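With my numbering as the guide, the letters of the sequence shown map in order to residues 688 to 907.
Backbone N, C-alpha and C define an ideal beta-carbon position, used for all residues, glycine too.
For clarity, every value in this text was computed on a predicted model and none was experimentally measured.
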Amino acid sequence: MEKNKLERYREILLSEKKRLEEQIDSIEREQRLSQREAINELSAYDNHPGDLGTETFERAKDLGLKDNALTLLNEVDRALEMIDAGSYGICQRCANRIKEERLEAVPYTVFCEKCKKIEEELTASRERPVEEEVLRPPIWGADDGNETSIYDGEDAWQDVAQYGTSSEPYVKADPLFEKEEEIIGAVGIEDSIYDDEVEDLEEAAKRKSSFTGLKGDVDR
């Protein structure tokens with residue numbers, strides 16, 4: 688490639704590098720703020736999962752924008768190194784010359800159009816959302832079943848879910864949360880067995896229990 692064209696592409700790449708670095712710096716400044724500080728609220732506790740939905744989406748979007756900017760910055764740096772090495776404009780996969788029309792549109796590319804499509808197909812199945820690097824399941828141990836009898840994440844979720852979840856009745860009628868019919872306070876299956884429900888305890892003491900076959904005063 689002619690020297691004057693190389694210098695022109697170098698200027699374009701340096702300008703793009705500066706823009707990307709400023710974008711990354713701006714996003715990182717926002718990420719240093721807590722969510723409460725970022726939205727100028729007294730509290731970040733929400734009364735409904737949708738209250739901070741927009742703010743949470745914007746944070747997730749910023750993570751994606753930052754990851755994309757870092758990826759592009761690496762490609763720009765690689766293109767600048769190729770200019771210094773004298774290999775700029777040569778496809779790194781097939782070694783054919785990249786069309787100038789493509790370099791004008793994507794000056795940091797190192798693949799021709801055909802090879803770029805192949806690379807995208809190879810990497811698409813391995814890519815995961817950038818949010819997964821920092822996000823964990825919302826409630827640790829929320830799916831531990833009956834493996835432990837201690838009060839854990841699953842129990843905490845069931846306690847709060849009975850007051851309402853983001854799944855409204857018209858979306859999911861029954862159940863609204865896992866094990867919502869579970870008897871509260873029962874540690875083992877034997878503790879969940881109960882006798883006839885009564886309103887008058889004195890009257891119940893004179894009748895036989897449908898479970899034990901004995902009178903109430905003997906049961907006691």
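Taking buried to mean at least 16 other C-beta atoms within 10 Å of its own C-beta, is residue i buried or exposed?
i    : result
A756 : buried
Y775 : buried
Y795 : buried
E841 : buried
C781 : exposed
L707 : buried
L701 : exposed
L790 : buried
What's the gap between the Cα of residue i and the Cα of residue j?
i    : j    : result
Y696 : V847 : 59 Å
L693 : A772 : 11 Å
R719 : F744 : 17 Å
E689 : L760 : 25 Å
R784 : A792 : 15 Å
I770 : I699 : 12 Å
D754 : T741 : 20 Å
E768 : I837 : 58 Å
L752 : D712 : 12 Å
Per DSSP, what are the beta-bridge partners of residue i in this structure?
i    : result
I777 : R784
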